[in-house]
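Residue numbers (the working numbering): 1315 to 1577.
Glycine included, each C-beta is placed from N, C-alpha and C at the ideal position.
Structure, as structure tokens:
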Amino acid sequence: MPISKTCYHFNSAIVRKPSPSVVNGLRAEDRGNPNFDGVKSEHEAYVEALEAAGMAVTVLPALDAFPDSVFVEDPALVFSEGAILLRPGAVPRQGETKEIAPALHDNFDRVLELPNGYADGGDILVTPDSVKIGLSARTDLAGANGLIDQLKKLGHKGEIVNTPKGVLHFKTACSLLDEETILVTSHMSESGLFEGFRNMILPEGEEPAANALRINETVLISAKYERTIDMLDQAGFSVVPVKAAEIEKIDAGLSCMSLRWFA
Ligand code: CIR
């Protein structure tokens, strides 16, 4: 299957239930702890939205020892051709790789490993031409180069890019809406990184909506960003608002809570 078909056509996902310890999740800036019941209901609604978009969802059990383990996107990267176990850059999250490994072996014939360095899935954006790997406080050059080697084995081309300073993950500031369109903060757009794409710039004050999630015919967007929802609606996208206000308190968005692929 050509890579352009794999960018947002998915029929399978892995998620992990949040543990009560999620209230202690990592954050760059303290905006108060998320509420556990709130995270739990956001997660349940998210799983329903994935299913409604056409995916079969495997739900893994909560892991109390890893507060951020609900964000399964970070310790692994998956494609139709196989999976890659990553090494998260944040020390408290590094044990999550070992925890996600059995689910990957259950679902993929090929499970590769990052040979060295660090890389978080949140820094990786799959586009039709390349898999963009954003260097960040979580993803270093050794990790990015190691990832490029592993991607090659699965038939994908990796490309190293920069995550703007002060932004947690590359995909905190952008998402792919279709083969030629990126939803992006004005700051990241100004870097010229997406010159070959149509850039849809987030309205001022709604930058956290950048972490949207295109799945098949729908785009999931954090429900509180009404101007972004209107903008995408008017551009003809089929938008599904999903509540994410609690997980945003620990710097997360909609892509973070699943691993997605076409089986
Ligand atoms: C962390 O700092 O690692 C978590 N609190 C948030 C992870 C968000 N993941 C993502 O953007 N892929």
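Given this structure, state the Cα-to-Cα distance separating residue i from residue j, to the nearest angstrom.
i       : j       : result
Ser1326 : Ile1529 : 11 Å
Cys1321 : Thr1441 : 6 Å
Lys1538 : Gly1519 : 11 Å
Ala1487 : Ile1496 : 10 Å
Leu1449 : Leu1507 : 13 Å
Lys1471 : Gly1550 : 30 Å
Pro1517 : Asp1423 : 43 Å
Leu1374 : Gly1368 : 19 Å
Glu1540 : Ser1489 : 17 Å
Pro1332 : Gly1339 : 10 Å
Lys1412 : Met1571 : 17 Å
Met1315 : Val1553 : Residue confidence for Met1315 is low, a pLDDT of 43 falling below 50, so the modelled location carries little weight and cannot support an answer.
Ile1474 : Ile1447 : 5 Å
Met1502 : Asp1454 : 19 Å
Asp1544 : Asn1513 : 16 Å
Ala1363 : Leu1534 : 8 Å
Rounded to the nearest angstrom, how far is the Cβ of residue i from that of residue j, given a contact under 8 Å?
i       : j       : result
Leu1303 : Glu1395 : Given a span of 1315 to 1577 for the chain in the structure shown, any question on residue 1303 remains unanswerable.
Leu1482 : Asp1388 : About 10 Å separates the two Cβ atoms, so there is no contact after all.
Asn1347 : Val1337 : 4 Å
Leu1573 : Val1445 : 15 Å between Cβ atoms; not a contact.
Arg1345 : Val1384 : With a Cβ gap of about 18 Å, Arg1345 and Val1384 do not count as contacting.
Thr1439 : Lys1479 : One detail in the question is off: residue 1439 reads as Leu in this sequence, not Thr. In fact, because the Cβ distance is near 18 Å, the residues do not count as touching under 8 Å.
Trp1575 : Phe1324 : 6 Å
How would you label residue i, buried or exposed, when you count the other beta carbons within 10 angstroms and need 16 or more for buried?
i       : result
Ser1569 : buried
Leu1452 : In the sequence as displayed, the identity of residue 1452 is Arg instead of Leu. Answer is buried; the Cβ neighbour count reaches 16.
Ser1318 : The predicted position of Ser1318 is uncertain, since its pLDDT is 47 and thus under 50; a value taken from the coordinates is nonetheless stated next. Exposed is the call here.
Asn1286 : The question about residue 1286 has no answer here: the residues shown for the chain are numbered 1315 through 1577.
Ala1342 : exposed
Lys1466 : exposed
Val1556 : buried
Pro1402 : buried
Glu1493 : exposed
Asp1382 : buried
Leu1377 : buried
Val1498 : buried
Glu1410 : buried
Beta-carbon of residue i versus every beta-carbon of chain B: anything under 8 Å?
i       : result
Val1353 : Within the model displayed, chain B is absent; a lone protein chain is all it includes.
Quiz item: Within the chosen definition, does the segment 1450-1466 reach the segment 1428-1438 through at least 3 CB pairs nearer than 8 Å?
Solution: yes
Quiz item: Which ranges does the alpha helix (DSSP H) cover as unbroken runs of at least 4 residues, wholly within the segment 1433-1503, from first to last along the chain?
Solution: If one requires a minimum length of 4 residues, the alpha helix (DSSP H) runs lying completely within the segment 1433-1503 are 1455-1467, in chain order.
Quiz item: At what residue ranges does the segment 1316-1365 contain a whole run of the alpha helix (DSSP H), taking only runs of 4 or more?
Solution: 1317-1320
Practice problem: Would you list, in sequence order, the uninterrupted alpha helix (DSSP H) runs of no fewer than 4 residues that lie entirely inside the segment 1395-1434? | Solution: Here the runs fully enclosed are 1410-1421.
Quiz item: Does the pairing of the segment 1551-1561 with the segment 1346-1365 give three or more beta-carbon distances under 8 Å?
Solution: At 8 Å Cβ cutoff, the stretches touch.
Quiz item: In chain order, which beta strand (DSSP E) runs of at least 3 residues are fully inside the segment 1540-1566?
Solution: 1552-1556
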